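Report on the following structure.
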Amino acid sequence: MTKNFAHRGFSGKYPENTLLAFEKAIEAQADGIELDVQLTKDGEIVIIHDETIDRTTNGKGLVVDYTYEELKKFDASYIYTGQFGFNKIPTLKEYFNLIKDTNIITNIELKTGINEYKGIEEKVYNLIKEFQLEDRVIISSFNHYSVLRMKAIAPRIKCGFLTETWILNPSKYIKNYCVECYHPHFAMLTPKIVNELKTLGIEINTWTVNKEEDIRDMISKGIDIIIGNFPDLTKKIIDETLNK
């Protein structure tokens with residue numbers, strides 16, 4: 002059955018990658034949450050999408066140039082001024098404390114495409130172990146070297162290659178590197194590619210699926226995980242499909 006993952010939390014209605022957005026995703030009965038992690042100047046694992054804080058906070062500059070004590074003073078919901086109060090950039094540890102007693106599965110995207118954040122894979126894995134969440138996480142990244150580093154550290158952890166390009170023979174590529182999942186943009190999932198991936202037992206997790214017709218198309222193709230900004234809409238459509 003297709004699973005419903007909230008992209009950066011319930012980011013269609015709430016400030017992305019905040020504890021508020023994650024809480025609202027849980028309330029919307031999402032099966033999982035997708036989020037992005039980077040490292041601060043002092044090595045704290047924080048949840049934020051961009052390498053800079055300019056777009057999503059009232060601050061400016063690179064994440065890596067701030068300590069966490071400095072970073073948490075910025076408002077990660079300033080775009081929604083007056084609607085949701087102050088929401089800081091959360092740590093991965095705070096997020097794990099939020100979801101540890103739920104059934105939520107977490108897709109952790111390592112934002113190592115521009116700054117590789119040396120050692121981030123081991124730091125993330127150590128925190129996963131601390132919370133005993135090895136069976137409830139998927140690690141993904143556009144930096145496939147980073148994914149392979151995680152795989153070498155933790156062979157049991159499910160991993161996926163993220164891509165926004167049309168990889169030739171993606172099923173062979175994924176299988177060759179012993180990675181379990183393929184995370185492409187949903188527009189790349191032609192029937193032929195889906196069939197080839199499924200034949201080799203590769204899990205297909207796609208993003209960012211927000212329109213009703215696209216959600217229905219992904220469900221009809223048997224995609225494993227739909228990652229979208231509106232987990233309430235995705236849940237509604239999945240439930241309708243199941244009740245037919």
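Residue numbering for the sequence shown follows our numbering, beginning at 2 and increasing consecutively. All C-beta atoms in this analysis are idealised placements derived from N, C-alpha and C, irrespective of residue type, glycine included. Since we're looking at a predicted model, the values are computed, not measured.
Nearest-angstrom Cβ-Cβ length linking residue i and residue j, presumed shorter than 8 Å
i      : j      : result
Asp37  : Lys112 : 5 Å
Gly33  : Phe75  : The Cβ separation is near 27 Å, so there is no contact.
Ile239 : Thr3   : 6 Å
Pro185 : Thr207 : 6 Å
Val125 : Ile109 : 6 Å
Residues near residue i by beta carbon distance below 6 Å, same chain, minus five either side
i      : result
Gly114 : Phe143 and Asn144
Asp51  : none
Ala26  : Ala7, Gly10, Phe11, Ile34 and Pro232
Leu234 : none
Spatial neighbours of residue i in its chain, beta-carbon cut-off 7 Å, leaving aside the 5 residues before and after
i      : result
Asp43  : Thr68 and Tyr69
Leu270 : The structure shown does not extend to residue 270, since the chain spans only 2 to 245, so no value can be given for it.
Ile175 : Phe162, Tyr183 and Ile203
Thr242 : Ile220
Arg157 : Glu135
Asn230 : His8, Ser12, Gly13, Thr209 and Asn211
Distance between residue j and residue i (C-alpha atoms, nearest Å)
i      : j      : result
Pro232 : Glu165 : 22 Å
Glu24  : Ala31  : 10 Å
Ala153 : Glu181 : 14 Å
Gly223 : Glu71  : 44 Å
Gly62  : Asn244 : 49 Å
Tyr118 : Asn211 : 31 Å
Ala155 : Gly83  : 43 Å
Gly120 : Lys130 : 16 Å
Ile49  : Lys236 : 25 Å
Glu123 : Asp136 : 17 Å
Met189 : Trp167 : 7 Å
Cys160 : Gln133 : 17 Å
Tyr178 : Asn104 : 29 Å
Pro91  : Thr41  : 12 Å
Ile228 : Val65  : 27 Å
Thr53  : Ile140 : 22 Å
Phe187 : Ile226 : 11 Å
Pro192 : Lys101 : 37 Å
Asn116 : Ala29  : 33 Å
Asn196 : Gln39  : 34 Å
Contacts around residue i, its chain only, beta-carbon distance under 8 Å, and the 5 residues preceding and following it disregarded
i      : result
Pro16  : Ala22, Thr57, Ala77, Ser78, Ile80, Tyr81, Phe85 and Asn88
Leu198 : Pro171, Ser172, Ile175, Tyr183 and Ile205
Asn59  : Phe75, Asp76 and Tyr79
Ile138 : The residue asked about is misnamed: residue 138 is Val in this sequence, not Ile. Closer than 8 Å at Cβ, skipping near neighbours: Ile106, Thr107, Asn108, Ile109, Ile129, Ile158 and Lys159.
Lys73  : Lys89 and Ile90
Any chain D beta carbon closer than 7 Å to residue i
i      : result
Tyr174 : Here chain D cannot be found, since the structure has a single protein chain.
Is the segment 215 to 224 touching the segment 148 to 166, taking contact as three or more C-beta pairs under 8 Å? Touching, no.
Report yes or no: do the segment 10 to 23 and the segment 87 to 98 share at least 3 C-beta pairs separated by less than 8 Å? yes
What are the uninterrupted segments assigned as beta strand (DSSP E) that are 3 or more residues long and contained completely in the segment 91 to 168, given in chain order? 106 to 111, 138 to 142 and 159 to 164
Complete alpha helix (DSSP H) runs within the segment 20 to 55 (minimum length 4 residues, chain order): 20 to 28
For a minimum of 3 consecutive residues, which ranges assigned as the beta strand (DSSP E) are wholly contained in the segment 178 to 224? 182 to 185 and 204 to 207
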